[in-house]
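Top to bottom, those sequences are chains A and B.
Residue numbers 2 to 148, in this note's numbering, belong to the letters of the first sequence in order.
Residue numbers 1224 to 1888, in this note's numbering, belong to the letters of the second sequence in order.
Structure, as C-alpha cells:
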Amino acid sequence: MRPKRRRLYFVLAGMAALGLAVALTLFAFEDNLVFFSSPTDVHTKNIGPDRKFRLGGLVEEESVGKSNDGLTTTFRVTDLSNTVPVAYTGILPDLFREGQGVVAEGRLGADGVFIAESVLAKHDENYLPPEVAEALKKSGQWKGATP
Amino acid sequence: MIAELGHFAIVLALAVAIVQGTLPLVGAQRGIESLTAIARPAAIMQFLLLALAFIALTLAFTGSDFSVLNVWQNSHTQKPLLYKISGVWGNHEGSLLLWVMILAAFGFGVATMGNNLPPSLRTRVIAIQGLIGVGFLLLLVFLSNPFERVFPVPAQGNGLNPLLQDPGLAFHPPFLYLGYVGFSIAFSFAVAALIEGKVDAAWARWVRPWTLAAWVALTIGIAMGSWWAYYELGWGGWWFWDPVENASFMPWLLGTALLHSAIVVEKRDALKTWTVLLAILTFSFSLLGTFIVRSGVLNSVHSFATDPGRGVYILAFLVVAIGGSLALYAWRAPALKSGGVFAPISREGSLVLNNLLLIAATATVFIGTMYPLFLDAMTGEKVTVGPPFFNATFVPLMVPLLAVMAIGPMMPWKRADLAGTLARMKVAAAVTVAVALLTLYLSGFDPILAVLGMVLGTWLVAGAAIDIGERTRLFRIPWRDALRRGRNLPRSAWGGAIAHAGMGVAILGITGSLSWEIERLQIMRPGDRVGIAGYELEFGGVAPVAGPNYDAVRGTFRVYRDDELVEVMTPETRRFTQPSMVTTEAAIRPRNFGDLYAVVGESNGDGGFATRIYHKPMINWLWIGSIMMALGGLVSLTDRRLRIGAPRRRTAETKPALRPQQQTT
C-alpha cells in the first residue's frame, strides 16, 4: 500500500476514534451532570424529583434524628436562610455532626424531603466544602474567614 | 541549623539547575566542548544538593523541630516514626521537594548510566531535565519554601491528617511521583530529539526502559491508592472517578500508549513523530496532574486564588512547558523522517489502534475532569461529573481495546493475516465462550455487563497464555524443548504477556466485585447474627482500645460457617485528638473467592450498633492483576536488549562476545 493511502486510513481511524469519544461524551453529559444546589436554590428553583443533584450546607443544630428502623437518619441542611429536610439510610460518615458542613447527593421527594443516596463529610473538623462556603456567602450569612 | 542547611541546598540547587539547563544546550548547538562538559557534573551536583535538602527536611520532621513552619503544621511528637517520615511528603511544600529530588535523581541516572548514548543527545537530555528542574525549584524556593521558620517556636505540632496515617498511603505518593517524574525523561528525550532532528531505533531503545520504569511505578502508586481507599474509607469502594484520581490516571493511560508506540519506533522505525508527541503529552499530563492536585484547584476554582502568586506561577509554568514543547514539536517534527511502511492489519496496525483508543479514553477522562472547573470559571455554576459519566464514556472505549489487546501481540509485523491470527485463538475463544456460558448459568443476564466483563477478562488471560504457548510451541514439541524455548524467549515477550494477563485478571476482579457484591446494613446487638455469602456473622459487642495517638472503639464479629467458628473480625472506629478526627478501620478477611468486609458504626443509644457487612467477590483479583501488570513491566525491564541499552558504535566488537552467552542462559 502506498504511504499516502496508508496515512489516509490512519487519519480516518483517528477521526473515527475521536468522533466516537465526542459522541459518547455529549451523550453522557446529557444525563450525568450533577449540579450543586444550596437550600435557597432548592426553594427558589423548581427542581423535579427525577433530577439528581448535590445539596450542600450546614447540618442544622438539633435537627438530627433517627427513624424507627434505627438506620435512617433525618436532618435538616441549612444555609442559614433556608432549610431542606433530608433522609439518609445507612452509616453516616465519621465526621457527620450538627453544625458541620455537609454535602448530600440524591433526589428531592414529592413531599419536599431530600432522599440522599450518599452523604459526604470526610474532612477534618475545620474544613468546609468550598461549595458550602460559597452557598453561605451567597445567602449573606458567611461569618468565617475567607478560605 | 539543619533547616538552614536545607534551605541553602535548595537555593544552590536552583543555581546549578539554571547552569545545567542553559550552558550545555548552547554548547551542544555550537559544538563547544567546554560547555557541554558541564552537563554531567551539574546533574550529579543537583541531585546531591536536593538529596541533602530532603534529608534535612526529614531530620526536621523526625526530630519534631517545630521552629520549622512546615513541621509545625504537619507533625506532632506523638506520631509514630513512620508517619513522621511520611509527613515530609504529606503536604504541598514537602511533596514538591520530593518531586524535584526524584527529577534530579533521574537526571543523575542519565548522567551516570548514559555512557553509550550519543554525547550530544545525552547533553541535551540532561539540559532539558535541568530546565524542568528550574521551573520547579523557582516555585519551591520562592513560593513554597519547606524550610520557612516560625517564631515564637510552638510547643506542639498540628499533626497529620489521620486518614494519611496509614502504611498504604505512606508510600503511595513517592510511587506516584516516581511515575510522574519518570515520564520527564521520555519528555527530555523527545525534546532533545526534536532539537537534534533525529529519532531512530536507538533513541526508542533508550526511551523505553525509562518509560517502562515510570509506568511500573505509576501502576504501583495508583494501585496502592486504590487499595488504601478500599480498606480505609469504610465503604469498600476502590475507585471513585474523583478528579484527584483522574489526575494520576490520565498520565497512566498516555504512558501506556507511549510504551506501545515506542515499540513500533524501535522495531520498525515507524510512528516516530507520533511517539515524540506522545512523550510530550504524557509528561504534560503528569505536570497538569501534579499541579491541579497540589494547588487545590480541583476542589474549587476559587481556592486556586487563595495564594494568587502560586496559582499564577503554576499557570505560567504550565503554559511555558507544555506550550513551548508543543511549539517546538510543530516547528521541528516535520524534519523527522518517517520510516517503515505497514498495512493496517499488522502488529503495527494493532498498536496504532491501541494508541487511538487510549488517547480517546484519555480525552473523555480529561473532559470529565476539567469540565466542572471550566463551567465554574465561566458561569459560576457548580456541577459534579461522577461515575455514571465515566461508565458511559470510558468503558465503551475500553471494550474494543481489550478485545484487540489479546490478539495484537500474536500478529506479525508489517502485514498480518487476520483470519490466520484468529484461527490460532481457537482455544482462547473456546475458553471464553465456556466462561460466558458459566456466567450466564450462575447469574443470568443480570447484570449484562458482568457477562461482558468476564468475557473480556478471560479472553485477555487466555490470549496471553496462547501467545506464550505459541512462541514456545508448547504441546507441539517435547515439553523439555518447549521449556528451553520459554527460557530463551526475550524477557520483553514474557513481560508483555504477564502484563496483559494481569490486565485480564484485574478486569475479572473489577467485574466480579461490582456485579455480585452483597451488602448487609443493619442494627445489631451483641449476640445478633447476620448471614452473608454462606457465612454467619455474630456481633460480639464493642470495647474501647487505646492506640499510640488515638482512642478506638473495637467491635467484634465471630464468623461461622456451618456453625463452626472460622474467623474473628475486629473493625475499629478511631478517634484522633490531634487533629481532632474520626476514622473507620474496616475488618477485611479473604473468604469464599472474595473478601468479607465489616464496619461497625455508631451506637443507636439503646445497646445496638449500626453495622455494615459486605461480601466482595473476586476483589483480590484486582490487586493480583495490578501486581501482575507491575511485575510484567519489571520483567520486561530486565530484557537483555534494554539492559544493554542502545547499540554501541563499535557493534562489531561487542556482538559476537555476547551471542554464545545468550544461547546458554
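C-beta: ideal position from N, C-alpha, C; glycine also.
Just so you know, these numbers come straight off a predicted model, no measurement behind them.
I want to verify the contact list: residues of chain B whose CB lies under 8 Å from the CB of residue i, in sequence order.
i                : result
Asn33 of chain A : Val1608, Gly1609, Pro1611, Phe1612, Ala1615
Ala22 of chain A : Ala1583, Ala1584, Ala1586, Thr1587, Thr1616, Leu1620
Lys5 of chain A  : Within 8 Å Cβ-Cβ: nothing; Lys5 of chain A doesn't reach chain B, min ~11 Å.
How many angstroms separate the CA atom of residue i from the CA atom of residue j?
i                  : j                  : result
Ala1720 of chain B : Ala1688 of chain B : 7 Å
Leu1441 of chain B : Ser68 of chain A   : 46 Å
Leu1576 of chain B : Leu1624 of chain B : 8 Å
Leu1500 of chain B : Arg1814 of chain B : 47 Å
Leu1271 of chain B : Ala14 of chain A   : 48 Å
Ile1486 of chain B : Gly1478 of chain B : 13 Å
Met1324 of chain B : His1230 of chain B : 14 Å
Leu1435 of chain B : Asn1297 of chain B : 34 Å
Leu1292 of chain B : Leu1280 of chain B : 11 Å
Trp1717 of chain B : Ser1849 of chain B : 16 Å
Ala1238 of chain B : Leu109 of chain A  : 59 Å
Gly1709 of chain B : Pro1767 of chain B : 56 Å
Asp112 of chain A  : Arg52 of chain A   : 15 Å
Val1414 of chain B : Trp1497 of chain B : 13 Å
Ala1416 of chain B : Leu1344 of chain B : 7 Å
His1525 of chain B : Ala1283 of chain B : Reliability of the predicted coordinates at His1525 of chain B is poor, the pLDDT of 40 falling under 50, and the value obtained from them is presented with this limitation in mind. Going by the C-alpha atoms only, they are around 33 Å apart.
Phe1394 of chain B : Ile1308 of chain B : 10 Å
Gly49 of chain A   : Gly107 of chain A  : 12 Å
Gly1547 of chain B : Leu1660 of chain B : 54 Å
His1723 of chain B : Asp1599 of chain B : 40 Å
Trp1462 of chain B : Phe1780 of chain B : 27 Å
Leu20 of chain A   : Leu1481 of chain B : Checking the sequence, you will find Gly at residue 20 of chain A rather than Leu. Those two C-alpha atoms are separated by around 22 Å.
Gln1801 of chain B : Pro1771 of chain B : 12 Å
Thr1505 of chain B : Glu1740 of chain B : 35 Å
Phe37 of chain A   : Ser1736 of chain B : 30 Å
Restricting to Cα atoms, I'd like to know which of the options is closest to residue i.
i                  : options                                    : result
Glu1301 of chain B : B:Asn1293, B:Thr1285, B:Ser1290            : Before going further, note that residue 1301 of chain B is Gln rather than Glu in the sequence given. For the residues B:Asn1293, B:Thr1285, B:Ser1290, the minimum Cα distance to Gln1301 of chain B belongs to B:Thr1285.
Pro40 of chain A   : A:Gly20, A:Leu34, A:Phe30, A:Thr79         : A:Thr79
Tyr89 of chain A   : A:Ala29, A:Val103, A:Asn33, A:Val120       : A:Val120
Leu93 of chain A   : B:Leu1340, B:Trp1438, B:Gly1457, B:Ala1821 : B:Gly1457
Trp1295 of chain B : B:Val1516, B:Val1373, B:Ile1408            : B:Val1373
Gly1330 of chain B : B:Pro1303, B:Ala1566, B:Leu1320, B:Leu1354 : B:Leu1354
Leu1596 of chain B : B:Val1654, B:Leu1641, B:Val1516, B:Gly1631 : B:Val1516
Gly1753 of chain B : B:Leu1737, B:Pro1701, B:Val1782            : The sequence as given places Val at residue 1753 of chain B; Gly does not occur at that position. Comparing Cα positions, the closest option is B:Val1782.
Lys1637 of chain B : B:Arg1647, B:Ala1673, B:Ile1568, B:Arg1699 : B:Ile1568
Gly1591 of chain B : B:Leu1697, B:Ala1652, B:Met1473, B:Leu1538 : B:Met1473
Tyr1837 of chain B : B:Gly1817, B:Ile1503, B:Gly1444, B:Leu1845 : B:Gly1817
Ser1430 of chain B : B:Val1376, B:Asp1465, B:Asn1469, B:Ile1503 : In the sequence under discussion, the amino acid at residue 1430 of chain B is Val, which differs from the Ser named in the question. Checking every option, the nearest Cα to that of Val1430 of chain B belongs to B:Ile1503.
Val1535 of chain B : B:Leu1549, B:Leu1361, B:Leu1246            : B:Leu1361
Val1656 of chain B : B:Val1543, B:Leu1679, B:Asp1786, B:Leu1641 : B:Leu1679
Ile1278 of chain B : B:Ile1267, B:Ile1233, B:Gly1244            : B:Ile1233
Gly1402 of chain B : B:Val1422, B:Val1357, B:Gly1444, B:Arg1428 : B:Gly1444
Gly1244 of chain B : B:Glu1227, B:Pro1264, B:Ala1226, B:Ile1225 : B:Pro1264
Name, please, each residue of chain B whose Cβ falls closer than 9 Å to the Cβ of residue i.
i                 : result
Thr161 of chain A : Residue 161 of chain A falls outside the range modelled here, since chain A spans only 2 to 148, and no answer is possible.
Arg52 of chain A  : Under the 9 Å cutoff, chain B gives no residues; its nearest Cβ is about 12 Å from Arg52 of chain A.
Phe76 of chain A  : None at all; the shortest Cβ gap to chain B is about 14 Å.
Lys46 of chain A  : Correct list: empty, because the minimum Cβ distance to chain B is about 12 Å.
For residue i, go through chain A and note every residue whose CB falls closer than 8 Å to its CB, in chain order.
i                  : result
Ile1590 of chain B : Thr26
Val1575 of chain B : Phe11, Ala14
Determine the chain B residues that contact residue i at a beta-carbon separation under 7 Å, and present them in chain order.
i                 : result
Gly58 of chain A  : Here the premise fails: no neighbours, minimum Cβ distance about 13 Å.
Ala1 of chain A   : Because chain A here runs from 2 to 148, residue 1 of chain A falls outside it and cannot be looked at.
Gly158 of chain A : Nothing about residue 158 of chain A can be read from this structure; chain A reaches only from 2 to 148.
Leu19 of chain A  : Ala1583
Kindly list, in the order they appear in chain A, the residues whose Cβ is closer than 9 Å to that of residue i.
i                  : result
Pro1567 of chain B : Met2, Arg7, Tyr10, Phe11, Ala14
Glu1740 of chain B : Chain A residues near Glu1740 of chain B: none, gap ~15 Å exceeds 9 Å.
Glu1604 of chain B : Phe36, Phe37
Counting only Cβ pairs nearer than 7 Å, list the residues of chain A close to residue i.
i                  : result
Ile1746 of chain B : Gly71, Leu72
Leu1580 of chain B : Ala18
Task: Three or more C-beta pairs below 8 Å linking the stretch 1481-1494 of chain B and the stretch 1447-1466 of chain B - done: Touching, no.
Open item on the list: Tell me which residues of the stretch 1803-1818 of chain B have at least one Cβ-Cβ distance to chain A shorter than 8 Å, keeping chain order.
Closed with: Residues passing the 8 Å Cβ filter: Ser1803, Met1804, Val1805, Thr1806, Thr1807.
Task: Interfacial residues, the stretch 94-114 of chain A to chain B, with Cβ spacing under 7 Å - done: Taking 7 Å as the cut-off between beta carbons, the residues of the stretch 94-114 of chain A near chain B are Asp95, Leu96, in sequence order.
- [ ] Could you say if the stretch 1381-1397 of chain B and the stretch 1248-1256 of chain B meet the contact criterion of at least three C-beta pairs nearer than 8 Å?
- [x] Taking one beta carbon from each stretch, the stretch 1381-1397 of chain B and the stretch 1248-1256 of chain B have fewer than 3 pairs nearer than 8 Å; the two do not touch.
Open item on the list: Output needed in chain order: residues of the stretch 1824-1837 of chain B with a Cβ under 7 Å from some Cβ in chain A.
Closed with: Here the close residues are Gly1824, Asn1827, Gly1831, Ala1833, Arg1835.
Open item on the list: Using a Cβ distance threshold of 8 Å, determine whether the stretch 1822-1830 of chain B contacts the stretch 1398-1415 of chain B, with at least three qualifying pairs required.
Closed with: Of all C-beta pairs linking the stretch 1822-1830 of chain B to the stretch 1398-1415 of chain B, fewer than three are shorter than 8 Å, placing the two stretches out of contact.
Open item on the list: Would the stretch 1580-1596 of chain B count as touching the stretch 1607-1624 of chain B if we require 3 or more Cβ pairs under 8 Å?
Closed with: Segments in contact, yes.
Task: Residues of the stretch 1492-1514 of chain B whose Cβ lies closer than 8 Å to any Cβ of chain A, in chain order - done: So the list is empty, because no residue satisfies the distance condition.
Open item on the list: Which residues of the stretch 1777-1794 of chain B have a Cβ closer than 9 Å to any Cβ of chain A? Give them in chain order.
Closed with: If the cut-off is 9 Å between Cβ atoms, the stretch 1777-1794 of chain B has nothing near chain A.
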